[in-house]
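My numbering puts the first residue of the sequence shown at 381, with every later residue one more than the last. No residue lacks a Cβ here, since even glycine has one placed at the ideal position from N, Cα and C. Below you'll find the structure, written out as structure tokens, and then a few comments.
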Amino acid sequence: MSQPFLPKLLGPLLHRGDGRVQVGVEPGRSVVLDGPPPAQLDALRALDGTRTLPAALATPEGQALLALLVRAGLVVDGSTTVQAGAASALGREDTRGLLRVTSTPPQGYAAAAARADACVLVVGRGAVPDGVATVLRRAGVGDVRSGAQAASDWEHDAVGDDAVDHDGARHDLGHNGNHRDLDHDHIDGDEATALLAPDPADSPVGDRPDLVVLCGRHVVDPRQGRGWRRHGIPLLPVVIGATETVVGPLVAGADRPCLDCLDQTRTDLDPAWPTLLAQLTAPAVGAGEEVGGEESLVALASAMAAMVTLGWLDGQPQPVGRSLEAGLPWPGVRQRDWPVHPRCRCGGRDTAGRPTDASAEGQVRMAG
Numbered sequence: 381m382s383q384p385f386l387p388k389l390l391g392p393l394l395h396r397g398d399g400r401v402q403v404g405v406e407p408g409r410s411v412v413l414d415g416p417p418p419a420q421l422d423a424l425r426a427l428d429g430t431r432t433l434p435a436a437l438a439t440p441e442g443q444a445l446l447a448l449l450v451r452a453g454l455v456v457d458g459s460t461t462v463q464a465g466a467a468s469a470l471g472r473e474d475t476r477g478l479l480r481v482t483s484t485p486p487q488g489y490a491a492a493a494a495r496a497d498a499c500v501l502v503v504g505r506g507a508v509p510d511g512v513a514t515v516l517r518r519a520g521v522g523d524v525r526s527g528a529q530a531a532s533d534w535e536h537d538a539v540g541d542d543a544v545d546h547d548g549a550r551h552d553l554g555h556n557g558n559h560r561d562l563d564h565d566h567i568d569g570d571e572a573t574a575l576l577a578p579d580p581a582d583s584p585v586g587d588r589p590d591l592v593v594l595c596g597r598h599v600v601d602p603r604q605g606r607g608w609r610r611h612g613i614p615l616l617p618v619v620i621g622a623t624e625t626v627v628g629p630l631v632a633g634a635d636r637p638c639l640d641c642l643d644q645t646r647t648d649l650d651p652a653w654p655t656l657l658a659q660l661t662a663p664a665v666g667a668g669e670e671v672g673g674e675e676s677l678v679a680l681a682s683a684m685a686a687m688v689t690l691g692w693l694d695g696q697p698q699p700v701g702r703s704l705e706a707g708l709p710w711p712g713v714r715q716r717d718w719p720v721h722p723r724c725r726c727g728g729r730d731t732a733g734r735p736t737d738a739s740a741e742g743q744v745r746m747a748g
């Protein structure tokens, strides 16, 4: 037997003072009604998702009004919530937000359930990775692992003893790019890549993270992303400096630039970039520098990174190669598009060019 329709009104019901009534507040997501009868207004106020359709909305006029609000995403079927048990773990506002930005209520509840089943690694130590992880947990992501050892801990859980070399040495994987316990003075390129980027190939597909957030101070080492990208696990670089933060671009699929693409694009813009990068990512004995900074900038970086991550988990369209940049003292957010670099081994095409809004002169801006 099918469930009854239990309509729920999402937006506030507001009088405009001219006989008209507005449902919702946000521009582009609200509806203005011309003089609806008082009985219909009372019926709309009663739509809490726990009762069937009031009589005032069962008339042809009421049905037309209801259809209008459903199309605008302002009325959803409350009975759908019982079909997505994981959605109950989300806070009320998180659920409302999902319902407003997805095409249909079932898609919104499905996204809520998907969050509860998702696994996200937030790699790094300090206020930014802590902030990103906190927002993701509060937004209903079921498995969030954070810290400088997040990738190593996940790999150990996923593959167990396979994460240990034949000589008993533990792979120290997924660090924030500037830390390892040094056993000798020299590390060749292949070894450095292995140390910085875990290889998830041996783990069951269902055990793989849905996304890895790589947090860095001033820069994210491109080598950190290679193992993840090679096995199709999306990455989101998050960088913070003294006055600026950069989130993205999201690395996911052959049509998007990888971290090495960004590195080579910066080198095209500033030939000194490899020299700067080598100093910023030089191995350090000990814990290394924390990924943090000015308090309001940390909060903004964490929020932007969490929003991009949640959008990806929810199945929202993500602009290809798009990074978000914000800095002190005014929190304007600039968007920058990065190309797939034609010389990158990730499969670059003849798409060379500077990132949108970037200047070829002066110092290359830090980025993820």
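- Comparing alpha-carbon positions, the option among 386, 638, 596 and 523 lying closest to residue 662 turns out to be 596.
- Cα atoms of residue 724 and residue 610: separation of roughly 13 Å, rounded to the nearest angstrom.
- Sorting 441, 391, 702 and 507 by C-alpha distance to the C-alpha of residue 414 places 441 at the top.
- Taking one beta carbon from each stretch, the segment 669-684 and the segment 612-630 have 3 or more pairs nearer than 8 Å; the two touch.
- Under DSSP, the beta-bridge partners assigned to residue 412 are 402.
- DSSP, reduced to helix, strand and coil, places residue 654 within a helical segment of the structure shown.
- Taking the CA atoms as reference points, residue 482 sits about 15 Å from residue 391.
- The C-alpha of residue 707 lies about 8 Å from the C-alpha of residue 713.
- Taking a contact to require three or more Cβ pairs closer than 8 Å, the segment 450-461 and the segment 413-431 qualify as touching.
- Residue environment: residue 635 is assigned as exposed (fewer than 16 neighbouring CB atoms within 10 Å of its CB, all protein chains considered).
- The alpha-carbon separation between residue 696 and residue 525 amounts to approximately 23 Å.
- Around the CB of residue 439, fewer than 16 other CB atoms lie within 10 Å, so the residue is classed as exposed.
- Its chain contains 720, 721 and 724 as the residues whose beta carbon lies nearer than 6 Å to that of residue 641, once the 5 sequence neighbours on both sides are disregarded; these appear in chain order.
- The straight-line gap separating the alpha-carbon atoms of residue 682 and residue 530 is approximately 17 Å.
- Residues of the same chain with a CB within less than 7 Å of the CB of residue 386, apart from the 5 flanking positions on each side, are 429, 430, 431, 432, 457, 458 and 459 in chain order.
- The secondary-structure analysis by DSSP pairs residue 670 with nothing; it has no beta-bridge partner.
- Excluding the 5 residues flanking it on each side, residue 497 has same chain C-beta neighbours closer than 6 Å at 522, in chain order.
- Inter-residue distance for residue 677 and residue 400 is about 42 Å (C-alpha atoms, whole angstroms).
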